[in-house]
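The letter at position 82 of the sequence shown is residue 389 when you use the working numbering, and the numbering goes up by one with no holes.
Built from N, CA and C at the ideal position, the CB exists for glycine as well.
Note that the coordinates shown come from a computational prediction; the quantities given were computed from them, not determined experimentally.
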Amino acid sequence: MKREKKDYYEILGVPRDATQEEIKRAYKRLVKEWHPDRHPENRKEAEQRFKEIQEAYEVLSDPQKRAMYDRFGYVGEQPTYQETESGGFFDDIFREFENIFNRDIFDVFFGERPHQEERREYARRGEDIRYEIEVTLSDLINGAEIPVEYERYETCPRCGGTGVEPNAGYINCPSCGGTGRIREERRSFFGYFVSERTCERCGGTGKIPREYCHECGGSGRVLRKVRKTVKIPPNVEDGTQLRITGGGNAGYYGGPYGDLIVIVRVKPDPRFKKSGSDLVYDVTIDYLQAILGTTVEVPLPEGGTTMLKIPPGTQPETVFRLKGKGLPNRYGRRGDLIVNVHVEIPKSLSREERKVLEELAKKRGVTIG
308 MKREKKDYYE
318 ILGVPRDATQ
328 EEIKRAYKRL
338 VKEWHPDRHP
348 ENRKEAEQRF
358 KEIQEAYEVL
368 SDPQKRAMYD
378 RFGYVGEQPT
388 YQETESGGFF
398 DDIFREFENI
408 FNRDIFDVFF
418 GERPHQEERR
428 EYARRGEDIR
438 YEIEVTLSDL
448 INGAEIPVEY
458 ERYETCPRCG
468 GTGVEPNAGY
478 INCPSCGGTG
488 RIREERRSFF
498 GYFVSERTCE
508 RCGGTGKIPR
518 EYCHECGGSG
528 RVLRKVRKTV
538 KIPPNVEDGT
548 QLRITGGGNA
558 GYYGGPYGDL
568 IVIVRVKPDP
578 RFKKSGSDLV
588 YDVTIDYLQA
598 ILGTTVEVPL
608 PEGGTTMLKI
618 PPGTQPETVF
628 RLKGKGLPNR
638 YGRRGDLIVN
648 VHVEIPKSLS
658 REERKVLEEL
668 AKKRGVTIG
């Protein structure tokens, strides 16, 4: 005989593509509507309906259980198979041989391995949260403290993370009858075999909540917006990941919080090129300035400017170093600000300019034309 399958989506009155938030809202509404205390005249019917609502929510609120239900139509016990005119006894033989190849021989004859770890709902660490933050070159001089705001799951204040409505307590799991184990009898070519496995519904504990928490819907966590201050070390490299312990999502069943992983992105500065702890700045001067000398204004990464004197006769691509004006290295010592001087030579001259230069060339004995 086939086991009757329940349509959990129909029980909660939600579509199959419903979001977790829609499922949670439907559950909260239905548990209030069908609480047995509100139906004293039909208490037995209300209790049955109440259990079905909790069973449906327990499956659909868990992504893994929901995926299994969507694929196979059940969670937990495997359905028995009917004999058909085209199959019957020989189908069972072939199915059993297939199971032998798919499972360990020990498991086929004796059930699970004695030391196999059970899938209990132990306390589990919460998920890490990744957050990108953008910093400027000025933030890299002395480091910075930057406030961030993000959403994370925190321990539900109503149930303390248990997922159980306060004072509701627990009941025996209806799937395993409170034993925490599912017993299966299987017919094969070799005869009948009995195996046991951990009950997926209660995780092997034999108990499920009598009523799930109205605040978190049984998840033990609620979504909250939080603010934290992230300390950025000096001269951090682009793509560096900073880990803030306990800044992630709350754990499950009393487990610890995950971490906040901050990914640092250094905002490009069009004025400078970064080379380790040095910064490179390009400046272009006129050929007359290179010949006669000049003074140029050079920006600083922390803000402001400084004046750089270009001596007469400076050649194209001459490099000047401003000591200690770069970024700090890991020892705290600042690198240099490297100024590359490019000389611009005009491609065309006015008649007056050409005349002056020709006279100058003549005096210097330089052959032109």
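For this session: Compare the beta carbon distance of PHE627 and PRO608 with 8 Å and say whether it is the shorter of the two.
Result: In the sequence shown, residue 627 corresponds to position 320, counting from 1. In the sequence shown, residue 608 corresponds to position 301, counting from 1. Result no, Cβ atoms of PHE627 and PRO608 do not sit closer than 8 Å.
Problem set entry | CB of CYS466 within 8 Å of CB of PRO473, strictly | Mapped onto the sequence shown, residue 466 falls at position 159. Mapped onto the sequence shown, residue 473 falls at position 166. Yes.
For this session: Check whether the Cβ atoms of GLU328 and VAL321 lie closer than 8 Å to each other.
Result: Along the sequence shown, read from residue 1 onward, the residue named residue 328 stands at position 21. Along the sequence shown, read from residue 1 onward, the residue named residue 321 stands at position 14. No; because the gap between Cβ atoms is not below 8 Å, this pair is not in contact.
Exercise. Buried or exposed: which applies to ASP344, given that a residue is buried once 16 or more other Cβ atoms fall within 10 Å of its Cβ?
Worked result: Here residue 344 refers to the residue found at position 37 of the sequence shown. It is exposed - the Cβ of ASP344 has fewer than 16 other Cβ atoms within 10 Å.
Exercise. Which class does PHE627 belong to by DSSP, given the choice of helix, strand or coil?
Worked result: Against the sequence shown, residue 627 aligns to sequence position 320. The answer is strand: DSSP assigns PHE627 an E or B state.
Exercise. Can you check whether the CB of VAL573 is closer than 8 Å to the CB of GLN548?
Worked result: Along the sequence shown, read from residue 1 onward, the residue named residue 548 stands at position 241. Along the sequence shown, read from residue 1 onward, the residue named residue 573 stands at position 266. Not closer than 8 Å, so no.
Exercise. Taking the Cβ atom as the reference point for each residue, do GLY525 and GLY470 lie within a distance shorter than 8 Å?
Worked result: Locating residue 525 in the sequence shown gives position 218, where the first residue counts as 1. Locating residue 470 in the sequence shown gives position 163, where the first residue counts as 1. Closer than 8 Å, so yes.
For this session: Mind checking who LYS514 pairs with in its DSSP beta bridge?
Result: If you number the sequence shown from 1, residue 514 lands on position 207. LYS514 pairs with ASN479.
For this session: Could you please give me the residues that DSSP links to ALA325 through a beta bridge?
Result: Here the question's residue 325 lines up with position 18 in the sequence shown. BP columns for ALA325 are empty, so no partner.
For this session: Please report the Cβ distance between TYR519 and GLN361, rounded to the nearest whole angstrom; I am assuming they are in contact, meaning their Cβ atoms lie under 8 Å.
Result: What you label residue 519 is simply residue 212 of the sequence shown in a count that begins at 1. What you label residue 361 is simply residue 54 of the sequence shown in a count that begins at 1. TYR519 to GLN361, Cβ: 6 Å. Contact.
Problem set entry | Whole-number beta carbon distance between ILE448 and LEU644, since they are thought to touch under 8 Å | As a first step, residue 644 is located in the sequence shown; it is residue number 337 there, counting from the start. As a first step, residue 448 is located in the sequence shown; it is residue number 141 there, counting from the start. Between LEU644 and ILE448 the beta-carbon gap is near 12 Å, outside 8 Å, which marks them as no contact.
Problem set entry | Beta-carbon contacts of GLY450 that lie in its chain and below 6 Å, excluding the five residues immediately before and after | Working through the sequence shown from its first residue, we reach residue 450 at position 143. Non-local C-beta neighbours of GLY450 in its own chain, meaning closer than 6 Å and more than five positions away in sequence, comprise ILE539, PRO540 and PRO541, ordered along the chain.
Exercise. In the DSSP assignment, what residue or residues form a beta bridge with GLU439?
Worked result: Here residue 439 refers to the residue found at position 132 of the sequence shown. Partner residues in the beta bridge of GLU439, as assigned by DSSP, are ILE570.
Problem set entry | Inter-stretch contact at 8 Å, needing at least 3 Cβ pairs: the segment 450 to 461 / the segment 588 to 595 | Counting Cβ pairs under 8 Å, fewer than three are found: no touch.
Problem set entry | C-alpha gap between GLY620 and ASP576, whole angstroms | Counting from 1 along the sequence shown, the entry for residue 620 is found at position 313. Counting from 1 along the sequence shown, the entry for residue 576 is found at position 269. Going from the Cα of GLY620 to the Cα of ASP576 covers about 31 Å.
Exercise. With distances taken between CB atoms, is the gap from ILE436 to ASN556 smaller than 8 Å?
Worked result: Here residue 436 is taken as the residue at index 129 of the sequence shown, counted from 1. Here residue 556 is taken as the residue at index 249 of the sequence shown, counted from 1. Closer than 8 Å, so yes.
Exercise. Which residues bound the beta strand (DSSP E) around ARG459?
Worked result: As a first step, residue 459 must be located in the sequence shown, where it is residue number 152. DSSP places ARG459 in the uninterrupted beta strand (DSSP E) bounded by 451 to 462.
Exercise. Which word fits SER582, buried or exposed, when buried means at least 16 other C-beta atoms lie within 10 angstroms of its C-beta?
Worked result: As a working mapping, residue 582 is identified with position 275 in the sequence shown. By the neighbour-count rule (16 or more Cβ atoms within 10 Å), SER582 is not buried but exposed.
Problem set entry | Assigned exposure category for LYS331 - 16 Cβ within 10 Å defines buried | Residue mapping note: residue 331 aligns to position 24 of the sequence shown, counting from 1. Buried.
For this session: Classify ASN683 as helix, strand or coil using the three-state DSSP reduction.
Result: Only positions 308 to 676 of the chain appear in the structure, and residue 683 is not among them; the question remains open.
Problem set entry | LYS313 - DSSP class collapsed to helix/strand/coil | Here residue 313 is taken as the residue at index 6 of the sequence shown, counted from 1. In the structure shown, LYS313 sits in coil (DSSP, three-state: anything other than H, G, I, E or B).
Exercise. Could you give the residue range of the alpha helix (DSSP H) that holds LEU586?
Worked result: In the sequence shown, counting from the first residue as 1, residue 586 sits at position 279. First-last for LEU586: 585 to 593, but that is the beta strand (DSSP E), not the alpha helix (DSSP H).
Exercise. Just the Cα atoms here: how many angstroms apart are GLU660 and THR602?
Worked result: For this step, residue 660 is matched to residue 353 along the sequence shown. For this step, residue 602 is matched to residue 295 along the sequence shown. When rounded, the distance between both Cα atoms is 23 Å.
Exercise. Beta strand (DSSP E) containing ARG550: first to last residue?
Worked result: In the sequence shown, residue 550 corresponds to position 243, counting from 1. Note, ARG550: beta strand (DSSP E), 548 to 551.
Exercise. For THR505 versus GLY487, is the C-beta spacing smaller than 8 Å?
Worked result: For this step, residue 505 is matched to residue 198 along the sequence shown. For this step, residue 487 is matched to residue 180 along the sequence shown. Remark: C-beta atoms of THR505 and GLY487 approach each other more closely than 8 Å.
For this session: Taking 8 Å as the cut-off, decide whether the C-beta atoms of GLY527 and TYR564 are in contact.
Result: The residue you call residue 527 lines up with position 220 of the sequence shown. The residue you call residue 564 lines up with position 257 of the sequence shown. No, Cβ-Cβ distance for GLY527 and TYR564 is not below 8 Å.
Problem set entry | Alpha-carbon to alpha-carbon, GLU492 and ARG517 | Taking the first residue of the sequence shown as 1, we reach residue 517 at position 210. Taking the first residue of the sequence shown as 1, we reach residue 492 at position 185. Roughly 30 Å separates the two Cα atoms.
Exercise. According to DSSP, is LEU530 helix, strand or coil?
Worked result: Within the sequence shown, the letter at position 223 stands for residue 530. Looking at LEU530 - three-state DSSP - the assignment turns out to be strand.
Exercise. By how many angstroms is the C-alpha of LEU367 removed from the C-alpha of ARG641?
Worked result: For the purposes of this step, residue 641 is taken as residue 334 along the sequence shown, with counting starting at 1. For the purposes of this step, residue 367 is taken as residue 60 along the sequence shown, with counting starting at 1. Whole-angstrom Cα-Cα distance: 57 Å.
For this session: Provide the residue(s) that pair with MET614 in DSSP beta bridges, ordered along the chain.
Result: For this step, residue 614 is matched to residue 307 along the sequence shown. Residue pairing by DSSP places MET614 opposite GLU604 in a beta bridge.
Exercise. How about TYR334 and TYR376: are their beta carbons less than 8 Å apart?
Worked result: As a working mapping, residue 334 is identified with position 27 in the sequence shown. As a working mapping, residue 376 is identified with position 69 in the sequence shown. For TYR334 and TYR376, no; Cβs fall outside 8 Å.
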